[in-house]
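Residue numbers (the working numbering): 77 to 175.
Read the structure below first, then the notes.
This is the structure:
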């Protein structure tokens, strides 16, 4: 594990940031908690990598409010690909008036 930020999946929709912080604080110092509303997952940032590993080992697969938690190292967000046509360059435009 390289970072101290953890992904926490399979959360009940009623779980609060405070409840998640209390759960993870049993395994080290929690710097930040961010639950993504209505998605059933969130992120917990521990104070260092060792505490993040400790929390992951202790809580991954554990029961929390009737659901089995999925705890893993957080991955960086994906770059979003934009839809639509590709941008046009200056030289790609044709002047059809001369035909």
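Even for Gly, the Cβ is constructed at its ideal location relative to N, Cα and C.
Going by alpha carbons, who is nearest to residue i out of the options?
i, options, result
"residue 91", "81, 116 and 128", "116"
"residue 146", "102, 101 and 120", "120"
"residue 139", "99, 78 and 122", "99"
"residue 106", "113, 85, 86 and 131", "131"
"residue 87", "133, 112, 123 and 122", "112"
How many Å lie between residue i and residue j at the Cα?
i, j, result
"residue 109", "residue 155", "23 Å"
"residue 104", "residue 125", "10 Å"
Going by other Cβ atoms of all chains shown within 10 Å of its Cβ, with 16 needed for buried, is residue i buried or exposed?
i, result
"residue 80", "buried"
"residue 141", "exposed"
"residue 127", "buried"
"residue 17", "Outside the shown range of the chain, which is 77 to 175, sits residue 17, and nothing can be said about it."
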